[in-house]
C-alpha cells in the first residue's frame, strides 16, 4: 500500500463511522452543532496520531502478553493531556464536549488502530494511518454536524466554541439570508426542525446518512451484478453461436 | 438523604436520562449485542454488575484519594485503569468459581472495558454528584449507577425484541441493518422524551 | 526470569513517563485553566450587574474558603442585611459580589444547574441589594445557540427589574412555560426562595 | 522525604494502578477459559466492538 493510499483510505473506503461504525457515541452526542463536532474530531486526530506513533515506536519493546494494558495506558495519557490543553486554550469547547473528552479513551477506533495497524508497522506509516483515520473520523462527524445544525436551525454558525479566526460568532450560512430577499418577515428559527438538535434527531439523522451511503453502495453492487449477468449472457450467446457454427460445419462436411 | 432521593435518582437515571437514548453512552453494544434477546440480557446483566461496583470504587478513589491530595487531573487515567482491572478481576473470579454464570454473562466482560457507558457514568458521577454532595454522595452515586445500568438493560432488551422482528420484515436495501435500527432507536428516544415532564 | 524482569521494567518506564508527562502538562496548563475559570465567572458577574470594565470586583463563594480564592480585605459594611452562610442553600451556589475599591456589596448571585429535554442548562440569577432581580443569565448549556437566544429574549428578560418576591413563583404559569423552560424557572424560583431565606435571618 | 512523595503522588498512583491492572490482567490470562464457552466468546467478541477485525456490520 502506498503512502497516499494509506492516508486516503480513512475517508471513504475504511471510514471509521460510516463503514466500520466505530466511535458511535461521539458521533451521536457531540454533533448537534457543527463546531463541537469539528472540535471533537481535532482532539481525536491528535490522540490517534500520537498514540499510533508511540505504539509503533514501542512495538518491539512491549511484550506481546501485556500489550492491551500498555496501549490503554498510552492512550489514556494522551487523552488526559488533550483534556487539559483543551480546558486551557478552548474553554468553551471543553465545556460543550463535557464528559466526551475523557471518553476518547474508550473510543474503539483508537485502540483498534493501535492493535491492528500501529503494532505491526513502521513509525511513519503508523503516523500517516493515524492522521488519515482521524481526518476520516472528523470528516464523518462534520458531515453529521452540518446536517443536524442546518436542519435544526437553518444555518451554520462559526466562532461560538472554537475561538479561532473571529472574535464574535459569525453566521457562515443561513437560509434567512436567501429567503429574506423575498419576504423580510421570515424567521427561519420559527420553522426549523428543532428535533434534529435533540436526542431522537441524532439517531434519525445518522440513520438517514447511513442509509444514503448504503443505498449508493447497494445500487453500485446491483449494477455490478447486472453487468456480470449481461457478460454471462453474452458469453453464453458467443458459446451458442460457436456451437451452432461447429454444428453447421459438421453438417456441411456431412 | 432520605430514601426518596435514591428512588428519584434511580428513576431519573433509568428512564428520564436514559443512558443510551439520551446520553448516547454504550451505543456500541447497543448496536452490536442486540441481535438476540438472550445475549442482550446477558450483556445487560454484565454491565449492571460492573457498573455498580465500578462507580462505587471510582467515587471512593476520587473523594478519598484524588481530591484530598489535589490531583483530580489524573482522574481519567485512574478511572480507566480501575475499571479495566476490576473487569479482569471479576472475569477471573467467575471463571474460577462459577462456570454457569461465566457462560451467561462472563463472556461479555471483555467487551466492557471499552464500553463508554461505564467510564461515562463514573465521570458523570464526579461532575454531577460530587460537586453538589461531596464525599457524602457515595450512595447516591451507587444508586445512580444502578438506575443507569437498569435503564441500559431495559433499552437493549426492548431493542433486541424489535430487532428480531425487523429481521423478518421487508426493508428496502438501503435501510437494511444499521440505518433502520438507528431510526427505530430514534423513535424509542422520542417515546422516552415524553417522560421528561414527570420530574 | 530475565524476560519477566524486562517486561516489568518496560511497563514501569511507560507508567513513569506517562505520569511525568501528565504532571508536566498539568503544571503548564493549571494556571491558565484557573485564570479561564476566574475570568468566566467574573465575566458573568459583570454582565449580570452591568459593571463597567475598569471597575474591579471580588466575590465570596459559599463553596470555597474565603481566604482561598480572592481575599476580601477589610471589614464588610455593618448594614448588610443578610449573613454570609457557611453552607450553600440546597442545589444552589450562593456568591456575594463586592466592589474591590470600597468592599461594598453589589449583589448576590445564585447559580444552579438542571437537566432539561435539551440537555443540561446552568443558570445564574443575580439579585441587587435592593431586592430586585438584576438579571438572569444562562451560563452553560448543551442546547443550540439559537435556542438559548430564544429563551433569553422571550423568557428571561421579563424577570429583569422585578422584585425578588416568592409570589413571583406564580410567574411561570402566567407565561405558560413549557417544561423545557420549566427547568430554568425552577432555578429562578429556588434562587428567590434562598434569597428571602437569607435576608430574613 | 514525605514532601517529595506527596508532590509526585500522581505519578506513584498512576504507576500503582498500572501495576494493579497488569497483575489482574496476567492472572486473568493464566486462568483457563472453560472449554464449552470458547465458541460463545468468539461470537460475543465479534458482535461487540472490542475486536476491530470483525467490526459488526448490520
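Protein chains in written order, with our numbering: chain R, 482 to 735; chain Y, 238 to 436; chain H, 16 to 216; chain W, 393 to 450.
Here a beta-carbon is modelled for each residue, glycine too, at the ideal position from N, C-alpha and C.
Of the listed residues the options, nearest to residue i (C-alpha basis)
i: residue 179(H); options: 17(H), 206(H) and 51(H); result: 206(H)
i: residue 348(Y); options: 287(Y), 422(Y) and 309(Y); result: 287(Y)
i: residue 431(W); options: 393(Y), 416(Y), 307(Y) and 340(Y); result: 340(Y)
i: residue 668(R); options: 676(R), 677(R) and 658(R); result: 658(R)
i: residue 320(Y); options: 429(W), 404(W) and 410(W); result: 410(W)
i: residue 25(H); options: 700(R), 624(R), 495(R) and 538(R); result: 538(R)
i: residue 404(Y); options: 272(Y), 366(Y), 333(Y) and 241(Y); result: 272(Y)
i: residue 579(R); options: 623(R), 518(R), 626(R) and 603(R); result: 518(R)
i: residue 63(H); options: 33(H), 143(H), 42(H) and 106(H); result: 143(H)
i: residue 282(Y); options: 317(Y), 426(Y) and 393(Y); result: 393(Y)
i: residue 295(Y); options: 315(Y), 310(Y) and 308(Y); result: 315(Y)
i: residue 509(R); options: 689(R), 562(R) and 683(R); result: 683(R)
i: residue 674(R); options: 637(R), 647(R), 633(R) and 705(R); result: 633(R)
i: residue 403(W); options: 58(H), 35(H) and 27(H); result: 35(H)
i: residue 199(H); options: 166(H), 176(H) and 49(H); result: 166(H)
i: residue 122(H); options: 53(H), 48(H) and 145(H); result: 145(H)
Residue i to residue j span [Cα, whole Å]
i: residue 720(R); j: residue 712(R); result: 12 Å
i: residue 714(R); j: residue 707(R); result: 10 Å
i: residue 284(Y); j: residue 386(Y); result: 6 Å
i: residue 127(H); j: residue 136(H); result: 9 Å
i: residue 414(Y); j: residue 266(Y); result: 15 Å
i: residue 397(Y); j: residue 277(Y); result: 7 Å
i: residue 400(W); j: residue 39(H); result: 11 Å
i: residue 75(H); j: residue 116(H); result: 15 Å
i: residue 171(H); j: residue 151(H); result: 6 Å
i: residue 227(Y); j: residue 119(H); result: Because chain Y in this structure spans residues 238 to 436, residue 227(Y) falls outside the shown range and cannot be described.
i: residue 110(H); j: residue 382(Y); result: 31 Å
i: residue 345(Y); j: residue 322(Y); result: 15 Å
i: residue 581(R); j: residue 55(H); result: 22 Å
i: residue 292(Y); j: residue 358(Y); result: 7 Å
i: residue 447(W); j: residue 512(R); result: At residue 447(W), the pLDDT of 39 sits below 50, so the modelled position is not reliable; the number obtained from the coordinates is stated separately. Using only the alpha carbons, I get a separation of about 23 Å.
i: residue 422(W); j: residue 546(R); result: 11 Å
i: residue 247(Y); j: residue 380(Y); result: 6 Å
i: residue 533(R); j: residue 242(Y); result: 45 Å
i: residue 46(H); j: residue 586(R); result: 25 Å
i: residue 23(H); j: residue 577(R); result: 40 Å
i: residue 17(H); j: residue 540(R); result: 19 Å
i: residue 429(W); j: residue 568(R); result: 45 Å
i: residue 623(R); j: residue 635(R); result: 16 Å
i: residue 630(R); j: residue 528(R); result: 26 Å
i: residue 618(R); j: residue 660(R); result: 34 Å
i: residue 530(R); j: residue 21(H); result: 27 Å
i: residue 204(H); j: residue 525(R); result: 41 Å
Check: residue i C-beta below 7 Å from any heavy atom of the ligand FMN
i: residue 322(Y); result: In terms of ligand content, the structure shown is empty, and the ligand FMN therefore cannot be addressed.
Exposed unless 16 or more other CB atoms sit within 10 angstroms - verdict on residue i
i: residue 153(H); result: buried
i: residue 709(R); result: exposed
i: residue 239(Y); result: exposed
i: residue 371(Y); result: exposed
i: residue 279(Y); result: buried
i: residue 645(R); result: exposed
i: residue 491(R); result: buried
i: residue 505(R); result: buried
i: residue 628(R); result: buried
i: residue 368(Y); result: exposed
i: residue 70(H); result: exposed
i: residue 422(Y); result: buried
i: residue 603(R); result: exposed
i: residue 664(R); result: exposed
Bridge-paired residues (DSSP) for residue i
i: residue 129(H); result: 136(H)
i: residue 113(H); result: 73(H) and 120(H)
i: residue 654(R); result: 637(R)
i: residue 143(H); result: 122(H)
**Asked** Name the residues in the region 310-322 of chain Y whose C-beta lies less than 9 Å from a C-beta of chain H; which are they?
**Response** 310, 311 and 314
**Item:** Interfacial residues, the region 30-64 of chain H to chain W, with Cβ spacing under 9 Å
**Value:** 30, 31, 33, 34, 35, 37, 38 and 41
**Request:** Can you give me, in chain order, the residues of the region 400-412 of chain W that have a beta carbon less than 7 Å from any beta carbon in chain Y?
**Result:** 401, 402, 405, 406, 409, 410 and 412
**Message:** Taking beta-carbon pairs under 8 Å, can you tell me which members of the region 324-350 of chain Y lie near chain W?
**Reply:** 325, 326, 328, 329, 332, 333, 336, 339, 340, 343, 344, 345, 347, 348 and 350
**Item:** the region 567-588 of chain R: positions lying closer than 8 Å to chain H by Cβ
**Value:** 568, 569, 570, 572, 576, 577 and 579
**Request:** Identify each residue in the region 538-556 of chain R for which the Cβ-Cβ distance to at least one residue of chain W is less than 9 Å, and report them in chain order.
**Result:** 546, 547, 549, 550, 551, 553 and 554
**Asked** In the region 247-267 of chain Y, which residues sit with their C-beta less than 7 Å from some C-beta in chain R, listed in chain order?
**Response** 258, 259, 261, 262, 264 and 265
**Request:** Taking only beta carbons into account, state which residues of the region 357-372 of chain Y come closer than 8 Å to chain R, listed in chain order.
**Result:** 357, 360, 361 and 364
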